[in-house]
Amino acid sequence: MNDDLNSLHFVATMLSSKWTLPVVYALKDRTHRYHEIHKHLPTATEKMLTATLRKLEKDGLVKRKIYPTVPPKVEYTLTPLGLEVLAMTQSVSQFVRSNPVIAQAKEAHTGASFLNATQNLPRATKCPH
Numbered sequence: 063m064n065d066d067l068n069s070l071h072f073v074a075t076m077l078s079s080k081w082t083l084p085v086v087y088a089l090k091d092r093t094h095r096y097h098e099i100h101k102h103l104p105t106a107t108e109k110m111l112t113a114t115l116r117k118l119e120k121d122g123l124v125k126r127k128i129y130p131t132v133p134p135k136v137e138y139t140l141t142p143l144g145l146e147v148l149a150m151t152q153s154v155s156q157f158v159r160s161n162p163v164i165a166q167a168k169e170a171h172t173g174a175s176f177l178n179a180t181q182n183l184p185r186a187t188k189c190p191h
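Per our numbering, the very first residue in the sequence shown carries number 63; after that it's consecutive.
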């Protein structure tokens with residue numbers, strides 16, 4: 063694999079988590095506390111949101127600031143790299159909106175936003191045994 067494909071594969075892997083881009087998008091306008099991010103993404107479990115925020119911090123897309131208060135106050139902000147990822151995703155969104163073939167394929171494939179898809183799944187039931 064050449065270097066360009068290696069780079070693309072690395073970025074695709076880094077951003078491929080279900081909640082990575084939604085969290086980046088939730089932080090697009092300003093700094094948020096955890097519960098504010100969760101309000102933007104109500105179908106995300108607390109465990110997944112926490113794991114996603116930690117990974118974004120580790121990867122350098124999000125900065126976490128802890129204030130020494132009781133209880134501790136924690137805020138999340140996009141870093142310059144996170145802002146670049148946000149700009150890239152906005153470019154891709156614009157490309158999809160401006161390309162009727164891709165827009166139709168997207169609608170045919172999803173029928174709705176993937177963020178709402180988990181709300182339509184049937185709940186697991188207990189086994190009667």
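For glycine and all other residues, C-beta sits at the position ideal for the given N, C-alpha and C.
For residue 139, the uninterrupted beta strand (DSSP E) segment begins and ends at 135-140. Judged by DSSP in its simplified three-state form, residue 158 adopts helix. Residue 101: member of the alpha helix (DSSP H) spanning 96-102, first to last residue. Distances from the alpha-carbon of residue 140 to those of 159, 152, 118, 106 put 118 closest. Our two residues, residue 95 and residue 126, have alpha carbons roughly 9 Å apart in a direct line.
Apart from the 5 residues on each side of it in sequence, residue 168 sits with its Cβ closer than 7 Å to the Cβ of 158 in its chain, given in chain order.
Pairing residue 105 with residue 171, the inter-Cα distance amounts to about 20 Å. Spatial neighbours of residue 102 in its own chain (CB-CB distance under 7 Å, excluding positions within 5 residues in sequence) are listed in chain order as 88. Per the coordinates, the alpha-carbon of residue 145 lies some 13 Å from the alpha-carbon of residue 138. Shown here, residue 92 sits in coil according to DSSP, grouped into three states, outside any helix or strand. Annotated as distal: residue 123 and residue 154, with beta-carbon spacing of 7 Å or more. The straight-line gap separating the alpha-carbon atoms of residue 156 and residue 166 is approximately 14 Å.
Here residue 128 is exposed: its Cβ has fewer than 16 other Cβ atoms, across all protein chains shown, within 10 Å.
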